[in-house]
């Protein structure tokens with residue numbers, strides 16, 4: 108079960124679906140009728156993503172570099188509790204390789 112917050116009333120509810128937005132059919136109907144929706148809270152970066160962001164900052168990379176964006180996406184997937192365990196092995200292998208490539212191409216070997 109996955110825990111969600113209802114987009115209409117804000118109530119906490121559990122669902123088997125990742126994309127569930129409403130706690131009851133009543134809230135779903137209210138949303139369909141035009142009720143004001145509560146915006147979901149932004150998620151904070153996890154520990155792996157925070158570490159990758161600090162490394163990218165020390166390399167003076169911003170969001171314009173495609174490889175840096177890919178490293179952030181991989182870090183986010185590692186931190187995501189919904190990432191399947193079968194995918195974590197590959198992700199944890201590719202992230203250090205990606206960061207090593209960024210260090211080589213941007214001149215800081217000692218990080």
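Residue numbers (the working numbering): 108 to 218. We put the beta carbon where it would ideally sit given N, CA and C, even for glycine. All values derive from a computational prediction rather than experimental measurement.
Contact between residue 179 and residue 159 holds: CB atoms are separated by about 6 Å, below the 8 Å threshold. Note on geometry: alpha-carbon atoms of residue 202 and residue 137 lie some 44 Å from one another.
In chain order, 175 place their CB closer than 6 Å to the CB of residue 163, counting only its own chain and leaving out the 5 sequence neighbours on each side.
Pairing residue 196 with residue 141, the inter-Cα distance amounts to about 44 Å. Between residue 186 and residue 153, the C-beta gap is smaller than 7 Å, which places the two residues in contact.
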